[in-house]
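Engineer: For the sequence shown, the working numbering gives the first residue as 40, with consecutive numbering after it.
From the three backbone atoms N, C-alpha and C, an ideal C-beta is built for every residue, glycine too.
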Amino acid sequence: MRYPSDEIVDLYSHRWEIELGYREMKQTLLNSEYMLRSKRPDMVEQELWGLLLAYNLIRVAMTEAATRKGIWPNQLSFSGCSSAVVAFLLTTGLTSPGKLPVLYENLITQLTYYALPTRREDRFYPRRVKPKPSKYPTKKKNASQLN
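1) Do the CB positions of LEU129 and TYR153 come within less than 8 Å of each other?
2) I'd like the span of the alpha helix (DSSP H) that includes ILE97, first residue to last.
3) State the beta-bridge partners of LEU115 as determined by DSSP.
4) Determine the extent of the alpha helix (DSSP H) in which VAL48 is found, giving its start and end residues.
5) Could you round the C-beta distance between ILE147 and VAL124 to whole angstroms and report it? I think they count as a contact, below 8 Å.
6) Assuming THR151 and ALA104 make a contact with CB atoms under 8 Å, what is their CB distance in whole Å?
7) Can you check which of these residues, TYR73, ARG159 and LEU87, is closest to ARG79 by C-alpha distance?
8) Around the C-beta of SER173, are 16 or more other C-beta atoms found within 10 angstroms, so that it is buried, or is it exposed?
9) Can you name, in chain order, every residue of its own chain whose Cβ lies under 6 Å from the Cβ of GLN198, other than the five neighbours on each side?
10) Please work out which residues of its chain come closer than 6 Å, Cβ to Cβ, to SER121, disregarding the five sequence neighbours upstream and downstream, and give them in chain order.
11) If we count the other Cβ atoms within 10 Å of its Cβ and call it buried at 16 or more, is GLU46 buried or exposed?
12) So, at 7 Å on beta carbons, what are the nonlocal neighbours of GLU56 in its own chain, with the 5 sequence-adjacent residues on each side left out?
13) State the CB to CB distance for the pair LEU92 and VAL83, rounded to an integer number of angstroms; the pair is presumed to be in contact (CB under 8 Å).
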């Protein structure tokens, strides 16, 4: 009565989106390297703050592009959008400050091209209990023993 099942299901889907965000940070921004480069604790903290800042900057640009296209921000490819944002940031030092708003508008337009296909909501994979592997090798039958 206190926690309706439909609300729990809805919260689980939100939790799953958060887990996908963690995966995006680990795989895309850290290049699937699970070790931080820094050795000192204060530098590890600085590296984590930098990672979170980069993730949030990319997500802000994705949110703006998604609202212009009329879709949810999680319907854009994070890896494609992150490479476009990184390329934009690398070229901003070479351009004049007066052209930055035009280039930013081009970036947002470019991010709308990274739209993902809609998710299939009808997928269902029930849990299965796998048999425990045996410690002993199994005896293999040859072709004459199969009949």
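Structural biologist: Taking the definition as stated:
1) The residue you call residue 129 lines up with position 90 of the sequence shown. The residue you call residue 153 lines up with position 114 of the sequence shown. Their beta carbons are not under 8 Å apart, which means LEU129 does not touch TYR153 by this criterion.
2) Counted from its first residue, the sequence shown places residue 97 at position 58. Start and end: 80-108.
3) Against the sequence shown, residue 115 aligns to sequence position 76. Per DSSP, ALA154.
4) As a position in the sequence shown, residue 48 is number 9, starting the count at 1. Looking at the DSSP string, the run of the alpha helix (DSSP H) that includes VAL48 is 44-63.
5) The residue labelled residue 147 in the question sits at position 108 within the sequence shown. The residue labelled residue 124 in the question sits at position 85 within the sequence shown. About 10 Å separates the two Cβ atoms, so there is no contact after all.
6) Working through the sequence shown from its first residue, we reach residue 151 at position 112. Working through the sequence shown from its first residue, we reach residue 104 at position 65. 5 Å between Cβ atoms; contact.
7) Sequence index remark: in the sequence shown, residue 79 carries index 40 (1-based). Closest option to ARG79, Cα to Cα, is LEU87.
8) Against the sequence shown, residue 173 aligns to sequence position 134. Label assigned to SER173: exposed.
9) No information on residue 198 is available, as it lies outside the stretch 40 to 186 that the chain covers here.
10) In the sequence shown, counting from the first residue as 1, residue 121 sits at position 82. These residues qualify, in order along the chain: THR67 and ILE97.
11) Numbered from 1 along the sequence shown, position 7 holds the residue referred to as residue 46. With fewer than 16 Cβ atoms within 10 Å of its Cβ, GLU46 is classed as exposed.
12) Here residue 56 is taken as the residue at index 17 of the sequence shown, counted from 1. Excluding sequence neighbours, GLU56 sits near ASN113.
13) The residue labelled residue 92 in the question sits at position 53 within the sequence shown. The residue labelled residue 83 in the question sits at position 44 within the sequence shown. That belief does not hold up - the Cβ atoms of LEU92 and VAL83 are roughly 15 Å apart, past 8 Å.
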